[in-house]
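A.B. asks: Right, I'll just put the structure down here and ask away after.
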Amino acid sequence: DVLDVLIIGPGQAGVPLARELAARGKRVGLAERKHLGGSCVNFGCTPTKAVIASARVAQLARRGTEFGLDIPKVAVDFKAVLERARALVTQSRLSLRDGLADRENLRLYPGHARFTGRQGSLFQVQIGGQEISAREVVLDTGTRSAIPMAARCHRRRARSSARRRPPANTASAPRSTAAGTGAAAGR
């Protein structure tokens, strides 16, 4: 099988892109190693907003008398709040998966994707033990950041040289003045 486009990491951009390309007749594959939806659905927007919504309801309940309501006690069950947030995340993941199922020209490949080489103009990608060929590959791999090696080396050198410097003599350092105007010195 040869795909027109393989999208690695179907998050907020990858899923709609896959749907649109498939609707235009392209053979599209989505590779996801863990959970559909990317950072927003899985640990960013969705669970955060769910917890904030619970906090907002608790805050409004505490202001019940302003609305003519007698709410004797408002207690937050944090475990239940988090369970609700997790349930919304699970619901979002399942909705994404169901929305991709049985779509013409679109297939989900579960597993870690790894480039293995080229075969002519095709990219060779291994996904969960299966070899996939694709004319184009889109990387939509999300929010895990990495510091390039050169920057890490520069940071180490900067930290080690800072340890070798003698401490500054703070006793003879000039005193700061209020807003830098000399007001503290009575000028």
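Residue numbering for the sequence shown is 217 to 403, as defined by our numbering. We put the beta carbon where it would ideally sit given N, CA and C, even for glycine. The structure presented is a predicted model; accordingly, all values stated were derived computationally and were not measured.
Per DSSP, what are the beta-bridge partners of residue 349 in this structure?
C.D. replies: As a working mapping, residue 349 is identified with position 133 in the sequence shown. Looking at the DSSP assignment, residue 349 forms a beta bridge with 218, 340.
A.B. asks: Beta-carbon within less than 8 Å of residue 408's beta-carbon, same chain only, minus the 5 sequence neighbours each way: which residues are those?
C.D. replies: As displayed, the chain neither begins before 217 nor continues past 403, which places residue 408 out of reach and without an answer.
A.B. asks: Figure out for me which residue from 270, 338, 233 has the closest Cα to the Cα of residue 300.
C.D. replies: Indexing the sequence shown from 1 puts residue 300 at position 84. Answer by Cα proximity: 270.
A.B. asks: Can the beta-carbon of residue 308 be found less than 7 Å from the beta-carbon of residue 257?
C.D. replies: Taking the sequence shown and counting its residues from 1, one reaches residue 308 at position 92. Taking the sequence shown and counting its residues from 1, one reaches residue 257 at position 41. Yes, these two residues count as a Cβ contact at 7 Å.
A.B. asks: Looking at residue 330 and the ligand ZN, is the gap between the Cβ and the nearest heavy atom below 6 Å?
C.D. replies: No copy of the ligand ZN appears in this structure; indeed no ligand is present at all.
A.B. asks: Figure out for me which residue from 280, 296, 240, 298 has the closest Cα to the Cα of residue 290.
C.D. replies: For this step, residue 290 is matched to residue 74 along the sequence shown. Out of 280, 296, 240, 298, 280 has the C-alpha closest to the C-alpha of residue 290.
A.B. asks: So residue 330 and residue 342 are in contact, right, with Cβ under 8 Å, and what is the actual spacing, rounded?
C.D. replies: Numbered from its first residue, the sequence shown carries residue 330 at position 114. Numbered from its first residue, the sequence shown carries residue 342 at position 126. So it is a contact: roughly 5 Å between Cβ atoms.
A.B. asks: Assuming residue 306 is part of the alpha helix (DSSP H), what are its boundary residues?
C.D. replies: Here residue 306 refers to the residue found at position 90 when the sequence shown is read from its first residue. Its alpha helix (DSSP H) spans residues 294 to 316.
A.B. asks: Taking 7 Å as the threshold (C-beta atoms), are residue 322 and residue 252 in contact?
C.D. replies: For the purposes of this step, residue 252 is taken as residue 36 along the sequence shown, with counting starting at 1. For the purposes of this step, residue 322 is taken as residue 106 along the sequence shown, with counting starting at 1. Against a cut-off of 7 Å, the Cβ pair of residue 322 and residue 252 comes out as no contact.
A.B. asks: Given a cut-off of 7 Å on the beta-carbon distance, is the pair residue 245 and residue 285 in contact?
C.D. replies: Indexing the sequence shown from 1 puts residue 245 at position 29. Indexing the sequence shown from 1 puts residue 285 at position 69. No, the Cβ-Cβ distance between residue 245 and residue 285 is not below 7 Å.
A.B. asks: Rounding to the nearest angstrom, what Cα-Cα distance links residue 346 and residue 277 in this structure?
C.D. replies: Within the sequence shown, the letter at position 130 stands for residue 346. Within the sequence shown, the letter at position 61 stands for residue 277. In a straight line, the C-alpha of residue 346 is about 53 Å away from that of residue 277.
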